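Numbering (my numbering), first residue to last: 359 to 529. Beta carbons: idealized from backbone N, C-alpha and C, even for Gly. Just so we're clear, the structure is a prediction, and the values are computed from it rather than from any experiment. Here is the structure we will look at.
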């Protein structure tokens, strides 16, 4: 287990959808800016499908891809074959950068794998109910407490309104 907090950073629709056909079923450029701010300087653990959907390793962040294949779909990402290996690698990268947390960046299988270890969920809630084939786990009040909630300004090119919610794990 990591000594650093593990935070899931996610965008999900009101119906829990996080993806469709390997991508996001919305276009919200303003959330991408928020995502950048929220993850900058931190190691990010994600699955191969999520990394492929991003299409590149993101600047200013260490990308650790957790995959059974042993290969990253994108050059420049570190590869881990297990949850423990990913956490150890993320811990080293965090120490090198002086980061204060490790980001769990998806997709659905990765969120479920790390769920028991998460300390927080930083969620952009998309005010829509798109069709999808990938879902975020339900955030139950017995396990999580809503610590912060606020509407986010809708950008001129955003396909839906959004809000931000920060959940902390109940003790």
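Under a CB-based cut-off of 8 Å, is residue i close to chain C?
{"i": "residue 519", "result": "This model lacks chain C altogether; it includes just one protein chain."}
Can you tell me which of the options puts its alpha carbon nearest to the alpha carbon of residue i?
{"i": "residue 417", "options": "384, 522, 401, 471", "result": "401"}
{"i": "residue 486", "options": "403, 476, 464, 519", "result": "519"}
{"i": "residue 378", "options": "494, 471, 461", "result": "494"}
{"i": "residue 396", "options": "478, 496, 405", "result": "478"}
{"i": "residue 484", "options": "466, 399, 461, 510", "result": "510"}
{"i": "residue 376", "options": "363, 502, 436, 467", "result": "467"}
{"i": "residue 529", "options": "442, 500, 369, 515", "result": "500"}
{"i": "residue 421", "options": "462, 469, 384", "result": "462"}
{"i": "residue 449", "options": "399, 512, 391, 522", "result": "399"}
{"i": "residue 527", "options": "415, 512, 438, 480", "result": "480"}
Expressed to the nearest angstrom, what Euclidean distance is found between the alpha-carbon atoms of residue i and residue j?
{"i": "residue 447", "j": "residue 458", "result": "15 Å"}
{"i": "residue 506", "j": "residue 525", "result": "7 Å"}
{"i": "residue 533", "j": "residue 472", "result": "Only positions 359 to 529 of the chain appear in this structure, which leaves residue 533 out of reach."}
{"i": "residue 470", "j": "residue 436", "result": "21 Å"}
{"i": "residue 383", "j": "residue 482", "result": "14 Å"}
{"i": "residue 504", "j": "residue 523", "result": "7 Å"}
Buried or exposed, going by whether 16 or more other CB atoms sit within 10 Å of the CB of residue i?
{"i": "residue 451", "result": "buried"}
{"i": "residue 530", "result": "In this structure the chain extends from 359 to 529, so residue 530 is not present and cannot be described."}
{"i": "residue 442", "result": "exposed"}
{"i": "residue 489", "result": "exposed"}
{"i": "residue 419", "result": "buried"}
*beta strand (DSSP E) segments (min. 3 residues) lying fully within the segment 445–471*: 460–462
*What are the uninterrupted segments assigned as alpha helix (DSSP H) that are 4 or more residues long and contained completely in the segment 372–409, given in chain order?*
387–397
*Are the segment 395–409 and the segment 423–440 in contact at 8 Å, needing three or more beta carbon pairs?*
yes
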